[in-house]
Each structure stands twice: as structure tokens, then as C-alpha cells.
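Colleague:
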Amino acid sequence: MIPTPVFATLCLALAVIPVARSAVIDVTVGGTGVLAYTPNFVTANVGDIVQFTFKQKNHTITQSTLASPCTPMEGGFDSGFVPVAADATAFPLAQLTVKDLSPIWIFCRQAGHCAQGMVFAVNPGNKMAAFQAAATGNSPTSASSTAGAASASSSPSATASSAPSASSGVPTSIDHSIIVGGPNGNFYTPANITAAPGDTVTFHFHEKNHTVTASSFNDPCRPLSLTSTTGQLGFDSGFMPVSPNAAQFPSFTIQINNTQPLWAYCRQLNHCGSGMVFSVNAVENGPNNFAAFKAKAMQLNGTVTPGAGTGSTSTTDTPSAASALPVRSAAVMVTLAGLVAGMLL
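For reference, each letter of the sequence shown is one residue, going -22 to -1, 1 to 323 in mature numbering (1 follows the signal peptide of the UniProt record, and there is no 0).
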């Protein structure tokens, strides 16, 4: 038993030991007339949380590297596109937990934004100027989130694109409307379409929480960015949570660049394995048709892929310097596990 004077001394000593607390560092993403992260870099300690508030327009928080500022880092984090309306009064949030003191390089992959200097860093040291110069001095290879067959953009509501004016002899492009999810099930409606170069495909996200993510025929349930042998990044809408009583629906638009087949899936947990896949220009009279693509996704169950032991329905893989980025409305902040598996399944 500890004598009373010693015990009192021990308690006093414990009472004066300082308790290290994590800091929350606020960063604003975009805003009316602003293509920037404000501030554009921060210095943080291990355990600190960088909290991003998405303001007006449509931006991402995408990890890159010092050498390639406008190219997503393989295995890095990505918030996905977060559209915010001009009249919004509540703003989505994302949190990044700093795991070590290594620099973390970030850019917005909306078309043209990185090249205009929309980059950010945590603990850049004396290399921030070089990072910005590399972003603005080089043509970004991926800021528009493109794949070989399509390029992508997203918008906060389901407003239709303006119809092109008619002119004789000039073919007009078509916008193909796709419903994603909804009260009737986890699928794209329609799930298989034919589109011409120049056409657009607009995905309207209804209730629950889905994505539309480019993949490949051989790996239906893995992002194209992880499986391509030619450096294709593919498109990814990011998660689009929609409540059952929503009156407005977010949308995501891709433009068709050629007639090559385009494959996509929903990376919400188990959705791809249950057959939530999509295609454009699948060759129906060949072996790589839509039915075969869907069957392969269901056979693999979204968890096992050729040459790999796990699928891609989890988005928790991150480099050691940072945790992944959950994105939610200003009223709700959840962990990544909640984002992927627990929110509006």
C-alpha cells in the first residue's frame, strides 16, 4: 500500500502532466468566384485533423505527389466531386487525420482547376512554391477525371443540359438520362445503352447512397484507375447520399469520346456483387456483352477479382501519412466505415 504522503505527491505529479490535444485546422474549399483552398497550406502535428468545408462550385480533395501535382496518387485518398449550389447555406465537410509529419499533397481534379493553382498541402516545408509552380506550369494529365472513352463532370441538381440549336446537316449530340438507385432497388435504369461520340450520359442519383465508377470488363468491381495497364484513370462520381424524401437529385455527367465499350459499377458495399453495373456501347453480339459483364460481377460477388484477393468496395486504403476522407453534409460527420457501409445502404 502506498503511504499517504507518497500517494498525494503522485497525484499532484499526475495532475500537472500536460495533456496533448489534437487541433482541428479549418480549410475552405472553393467558394463564390474562388478556385482555391484557403489557406493553401497548413502545418500540422501528428493527430491533428484538417477539416475541409466545401463551398460553392464543384470540387474535390484528391491526393497527389510533389512530382505530379495534378495526377491522383496511386492508393491515395479522394473525396470525389462535391457539388455545392450557389445559394447553399449548409456546406459539406471532410476530415483528414494527420498520421505522420510527411508532406501531404492535394489538388482539385475538376477540369482546369489544378492548372489554375487549386492545390493544397499539409506540412510542405519549403516546397510549396515548387508544388504550385509544377501545377500551373504543366498541363495536368488528369484534372478532368478522364478515361479513354469518356470525360466526366458533376452538378448539384438534376437539371437537364440545354439542347443544342438545330442546324442543317450538323448532327446533334444526345444526352442519355440514367436513374441511379431509388426505392425500387440497387441498379442503373437503363443499365446498358448505345451512345455516339459527343453524346453525354447524365446519371441522376436517387435515394440511398451510390456511385458511378469506371471499371473494366475483366474487373467489374474495381476502379479502372487501379486496373488499367495504360494509365487510364477513369471517372468516379464519388458517393452521392440521397434521402428518401429528397426533392432534388444530384447528377453526374460523362461525355462519350469514342465508340469503345465503357464499363462502370457502384462501389458501395455489396452493390456491384449484386449486379449494380452499367455499360455504354457494349458489343452485344460478342462475348464481352453486358449480360456477361453483369454475370462476371455477380460471380465475383464484388469481392474477388482476377489476379487479386480482394475487391474494391472498400475505400479505406490510404498511404501512411493520412486517413481517408469522409464527406457529408454540414449537419452530419461520420467515419469512413459509416460512409461506405452504414449510410443509406
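Note that CB positions come from ideal geometry on N, CA and C, so glycine has one too.
To which residues does DSSP link Ser257 through a beta bridge?
Modeller: Asn170 and Trp241
Colleague: Should the segment 175 to 190 be regarded as contacting the segment 226 to 238, the criterion being three or more beta carbon pairs within less than 8 Å?
Modeller: yes
Colleague: Over what stretch of residues does the alpha helix (DSSP H) that includes Ser252 continue unbroken?
Modeller: Counting along the chain, Ser252 falls outside any alpha helix (DSSP H), and DSSP gives it neither H nor E.
Colleague: What number of angstroms, rounded off, separates the C-alpha of Ser252 from the C-alpha of Pro198?
Modeller: 12 Å
Colleague: What are the boundary residues of the beta strand (DSSP E) that includes Thr231?
Modeller: Ser229 to Ile234
Colleague: Using a 10 Å radius around the Cβ and a threshold of 16 neighbouring Cβ atoms, would you call Val282 buried or exposed?
Modeller: The predicted position of Val282 is uncertain, since its pLDDT is 45 and thus under 50; a value taken from the coordinates is nonetheless stated next. Val282 is exposed by the Cβ-count criterion.
Colleague: Name, in chain order, the residues that DSSP records as bridge partners for Pro61.
Modeller: Per DSSP, Asn36.
Colleague: Output yes or no for whether 8 Å exceeds the beta carbon distance between Gly212 and Pro201.
Modeller: yes
Colleague: Going by alpha carbons, who is nearest to Phe85 out of Thr150, Phe19, Ile27 and Leu71?
Modeller: Cα-wise, what sits closest to Phe85 is Phe19.
Colleague: For Pro175, which of Pro239, Asn36 and Val28 has the nearest alpha-carbon?
Modeller: Minimum Cα-Cα distance from Pro175 among the listed residues Pro239, Asn36 and Val28 corresponds to Pro239.
Colleague: Going by C-alpha distance, which of Gly209, His91, Tyr166 and Glu52 is nearest Ser11?
Modeller: Position check: residue 11 holds Gly in this sequence, whereas Ser was assumed. Of the listed residues, the one whose Cα sits closest to Gly11 is His91.
Colleague: Quick check: the Cα distance between Ala111 and Thr205, rounded to an integer number of angstroms?
Modeller: Taking the CA atoms as reference points, Ala111 sits about 30 Å from Thr205.
Colleague: Does the Cβ-Cβ distance between Thr49 and Ser42 come in under 8 Å?
Modeller: Yes, Cβ-Cβ distance for Thr49 and Ser42 is below 8 Å.
Colleague: Using only the alpha-carbon positions, how far apart do Val2 and Glu262 sit?
Modeller: 53 Å
Colleague: Work out the CA separation of Asp78 and Ala89 for me, nearest whole Å.
Modeller: 31 Å
Colleague: By the DSSP assignment, the beta strand (DSSP E) with Ala192 in it spans what residues?
Modeller: Thr191 to Ser193
Colleague: Tell me which same chain residues have a C-beta within less than 7 Å of the C-beta of Ala99, skipping the five on either side of it?
Modeller: Phe19, Pro81, Ile82, Trp83, Ile84, Met106 and Phe109
Colleague: Identify the continuous beta strand (DSSP E) that holds Ala72 and give its terminal residues.
Modeller: Leu71 to Thr75
Colleague: Below 8 Å on the Cβ atoms is my contact criterion, and I expect Gln246 with Thr189 to pass it. Report the Cβ-Cβ distance as a whole number of Å.
Modeller: Between Gln246 and Thr189 the beta-carbon gap is near 7 Å, inside 8 Å, which marks them as a contact.
Colleague: Report the three-state DSSP secondary structure of Lys105 (helix, strand or coil).
Modeller: Assignment of Lys105 by DSSP, reduced to helix, strand and coil, places it in the coil class.
Colleague: Since Lys186 sits in a beta bridge, which residues does DSSP pair it with?
Modeller: Val220
Colleague: Would you call Asn187 buried or exposed, if buried means 16 or more other Cβ atoms sit within 10 Å of its Cβ?
Modeller: Per the 10 Å Cβ criterion, buried.
Colleague: Compare the Cα-Cα distances from Gly115 to each of Val28, Phe256, Ser57 and Met96 and report the closest residue.
Modeller: Met96
Colleague: What are the partner residues of Ile84, as DSSP defines its beta bridges?
Modeller: Gln41 and Phe98
Colleague: I'd like the span of the beta strand (DSSP E) that includes Thr6, first residue to last.
Modeller: Val2 to Val7
Colleague: Cutting at 6 Å between CB atoms, please list the residues of its own chain near Gln73, excluding the five before and the five after it.
Modeller: Ile27 and Gln29
Colleague: Would you mind sorting Asp65 into buried or exposed? The rule is 16 or more other CB atoms within 10 Å of its CB.
Modeller: exposed
Colleague: Cα separation between Gln34 and Val62?
Modeller: 5 Å
Colleague: Name the residue from Asn36, Ser46, Pro47 and Leu44 whose alpha carbon lies nearest to the alpha carbon of Ser57.
Modeller: Asn36
Colleague: Give me, in chain order, the residues of the same chain whose beta-carbon lies closer than 6 Å to that of Gly9; leave out the 5 immediate sequence neighbours on both sides.
Modeller: Lys33 and Gln34
Colleague: What do you get for Thr172, buried or exposed, if any count of 16 or more other CB atoms within 10 angstroms of its CB means buried?
Modeller: exposed
Colleague: In the structure shown, what three-state DSSP assignment does Thr31 receive?
Modeller: strand
Colleague: Alpha carbon to alpha carbon, how far is Phe195 from Gly103?
Modeller: 43 Å
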